[in-house]
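Counting in my numbering, the sequence shown runs from 3 upward without gaps.
Virtual Cβ for every residue (Gly too), placed ideally from N, Cα, C.
Presented below is the structure to which this report refers.
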Amino acid sequence: MRIGDVVWNQDDHSVACAKCDERLSADDENWKEHSLLKRTNAAERLNCGDFGPAYSVYEHPDLELVEIFCPHCKALLAAELYLRDEPLRWTFRSLDVAIEQGYDAAADFAAEPEQWISFGSPR
Ligand SMILES: [Zn+2]
């Protein structure tokens, strides 16, 4: 399964770069933690004119741009906005991996039911 420039290989439970096919990590790890990162203040990086006005962001000292590169072929695999010191978000986790890592949908729903969307009949 391909998401952006990363491929999840269900055969060997790995995550690979879609550009060079080199393995980045096992699929129960966050592949971004096995990549090359350039983490900079988002406004300084994006508002300099190199990327055009469509990519300009609000200036804030805690808003960072994280550019994530393949450690093998150096391709840019993702560019994401984070708050300063925010851990790298997972792009995708199987439900099995998420449960192994402590995800509990029932407890999550009980804690914050208004953050869930229902497609069934109204309550
Ligand atoms: Zn690569």
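According to the DSSP assignment, residue 78 belongs to no alpha helix (DSSP H) but to the beta strand (DSSP E) extending over 78–85. In the DSSP annotation of this structure, residue 35 is not part of any alpha helix (DSSP H), being labelled neither H nor E. Looking at the backbone, the Cα of residue 53 and that of residue 103 are separated by about 38 Å. Under DSSP, residue 43 takes part in a beta bridge, and its partners are 66.
Counting C-beta pairs with one atom in each stretch, the stretch 37–47 and the stretch 58–68 have three or more that are closer than 8 Å, which means they touch.
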